[in-house]
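Q:
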Amino acid sequence: MAIFSDDDTNENLISKPKLQKNEDLETSQTDYDKSFENNIRPKKFDEYIGQSALKDTLKISIEAAKKRAQPLDHLLFYGPPGLGKTTLAGVIANELETKIKITSAPALERPRDIIGILMSLKDGEILFIDEIHRLNKVAEEILYPAMEDFYLDMTTGKAQTVKTLRVPIPKFTLIGATTKAGALSGPLRDRFGIIHRLQFYTKQELSAVVKRTASILEIKITDEGALSIAGRSRGTPRIANRLVKRVADYALVRADGIIDEKVANMALDTLHIDKFGLDNTDRAMMTMIIEKYDGGPVGLETIAAALGEDSKTIEDVYEPFLLQEGFIQRTPRGRKVSPEGYRHLGYKIPNIQQSLF
Ligand code: ADE
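So this is what it looks like as structure tokens:
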């Protein structure tokens, strides 16, 4: 039974088998970005800011799993990129004092990839599969009995002599992460005990993330400076953390190294990130819909082609925040810019739009 509720380690506990190219859409992550992210990742629940409803649920499940000496139920985390799905999986592993193996669905192309990784686990360990909605049918079918009863169906022999063997595997916990819960097959979704949507962070939560990161990096920052960065981070800690680095560089070169409100605002202005956290691509997308399509509706592929962007990037990275802030709307016939979107970009709201909203 799936429980629905609403709402990303200790380095030596994490082993990363066959880590394939991270196709995380948020922005292309360089190795440097990844090692920076790893250094500042919270390791325990008390360092992990935000997602409080989810943390409460998880703390109970973890304690119960420990008391029963049973593996934790399989977990599915979904939501826009950068909200801390991988980080949270690492925290869970640390809290359970177990190891986590991190991989991504596109790396599990051949049956032997998934079989190999399942057989390499030990009792109680965690397997984290990112972009789980991209698992192929064969890999999914291997996972079903593995998740449900901890065995693999293996076949030996040929034609008439073919035999199916049930091979037991360790009692592991699968943590799946996806930006598209709707793209997961029903049978796979049903095998997760806890399914949880990660929420965008509030400005206060992001300000706490910014201050924590600044303190780890030994960067001086005022409360107002942290709030300014937080307010322009699109509700996303990964973005907040990257902005801390950019603003710190600016503070070092153009000011006295201290991030206060003025320095943060000047630095973010030079990065063309506005008061709502919108960047050049967000504004270009909304401007294009307004100027070329009278505010929409316009299909996603048309928008992507006009901007020279990948439609998946628009859908998974740009759109969720613009929708959440009410700057655009999704209709069956495509995307529309809302009156807030018109206002934010300094356009006069057309009468037809006003009457539609
Ligand atoms: N860095 C990224 N996500 C974080 C979170 N939720 N709490 C603290 N630091 C983070």
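Residue numbers (my numbering): 46 to 402.
Yeah, the Cβ is synthetic: ideal placement off N, Cα and C, and Gly gets one too.
1. Short check: CB of tyrosine 93 to CB of lysine 100, under 8 Å?
2. Return yes when the C-beta of glutamate 92 is under 7 Å from any heavy atom of the ligand ADE, and no when it is not.
3. How about arginine 242: is its Cβ closer than 7 Å to a heavy atom in the ligand ADE?
4. With 16 as the cutoff for other CB atoms within 10 Å, does threonine 131 come out buried or exposed?
5. Compute the Euclidean distance between the alpha carbons of aspartate 194 and isoleucine 159, then round it to the nearest angstrom.
6. Restricting to Cα atoms, I'd like to know which of Gln249, Thr326 and Pro384 is closest to isoleucine 359.
7. Excluding five sequence neighbours on each side, which residues of the same chain lie with their C-beta closer than 6 Å to the C-beta of threonine 209?
8. Between isoleucine 85 and the ligand ADE, is there a pair consisting of the residue's CB and a ligand heavy atom that are separated by less than 7 Å?
9. Could you give the first and the last residue of the continuous alpha helix (DSSP H) run that contains arginine 234?
10. My assumption, with CB atoms under 8 Å, is that tyrosine 196 sits in contact with isoleucine 214. Please give the rounded CB distance.
11. With hydrogens ignored, establish whether the beta-carbon of threonine 102 is closer than 7 Å to any heavy atom of the ligand ADE.
12. Determine the closest residue to threonine 148 out of Ile171, Glu140 and Phe366, with distance taken between C-alpha atoms.
13. Among Ala150, Pro232 and Lys112, which residue has its Cα nearest to the Cα of proline 190?
14. Grab me the residues of valine 212's own chain with a C-beta within less than 7 Å of its C-beta, minus the 5 sequence neighbours each way, in chain order.
15. Can the beta-carbon of glycine 344 be found less than 8 Å from the beta-carbon of glycine 379?
16. Measuring only the C-alpha atoms, how far is lysine 357 from alanine 204?
17. Report the residue from Gly280, Ile334, Gln96 and Gly129 whose alpha carbon sits nearest the alpha carbon of isoleucine 85.
18. Can you tell me whether lysine 337 is helix, strand or coil according to DSSP?
19. Expressed to the nearest angstrom, what Euclidean distance is found between the alpha-carbon atoms of phenylalanine 81 and aspartate 339?
20. Say the cut is 7 Å; is the CB of alanine 270 nearer than that to a heavy atom of the ligand ADE?
21. Just to confirm my understanding: we take isoleucine 177, look at its own chain, exclude 5 residues before and 5 after, and list those with CB closer than 7 Å. What are they?
22. Using alpha carbons as the reference points, say which of Gly302, Gln374, Ala110 and Lys320 lies closest to isoleucine 335.
23. Compute the Euclidean distance between the alpha carbons of proline 126 and threonine 206, then round it to the nearest angstrom.
24. Assign glutamine 244 to one of three DSSP states: helix, strand, or coil.
25. Just mark arginine 155 as buried or exposed, buried being the case when its beta carbon has 16 or more other beta carbons within 10 Å.
26. Please go through the same chain and pick out, in chain order, the residues whose beta-carbon is closer than 6 Å to the beta-carbon of threonine 72, but skip the five residues on each side of it.
27. Can alanine 275 and serine 252 be called in contact, C-beta distance under 8 Å?
28. Look at the alpha carbon of valine 362 and the alpha carbon of alanine 296, and state the distance between them as a whole number of angstroms.
29. Starting from the C-beta of threonine 258, find all residues in its chain whose C-beta is less than 6 Å away, skip the five residues before and the five after it, and write them out in chain order.
30. What did DSSP end up calling tyrosine 196 once you bin it into helix, strand or coil?
31. Report yes if the C-beta distance between leucine 390 and arginine 328 is below 8 Å; otherwise report no.
32. Within its chain, find whatever has a CB closer than 7 Å to the CB of methionine 164; leave out the 5 residues flanking it on each side and keep chain order.
A: If we stick to the structure as given:
1. yes
2. yes
3. no
4. buried
5. 16 Å
6. Thr326
7. Asp198 and Thr200
8. yes
9. 231-235
10. 6 Å
11. no
12. Ile171
13. Pro232
14. Tyr196, Leu197 and Met199
15. yes
16. 43 Å
17. Gly129
18. helix
19. 42 Å
20. The question names alanine, but residue 270 in the sequence shown is glycine. Checking every heavy atom of the ligand ADE against the Cβ of glycine 270, none is found closer than 7 Å.
21. Ala150, Gly221, Ala222, Thr223 and Leu229
22. Gln374
23. 48 Å
24. coil
25. exposed
26. Note that threonine 72 has pLDDT 41, beneath the 50 cutoff, so the model's placement of it is unreliable and no number is given.
27. yes
28. 28 Å
29. Ile85, Asn286 and Val289
30. strand
31. yes
32. Ile214
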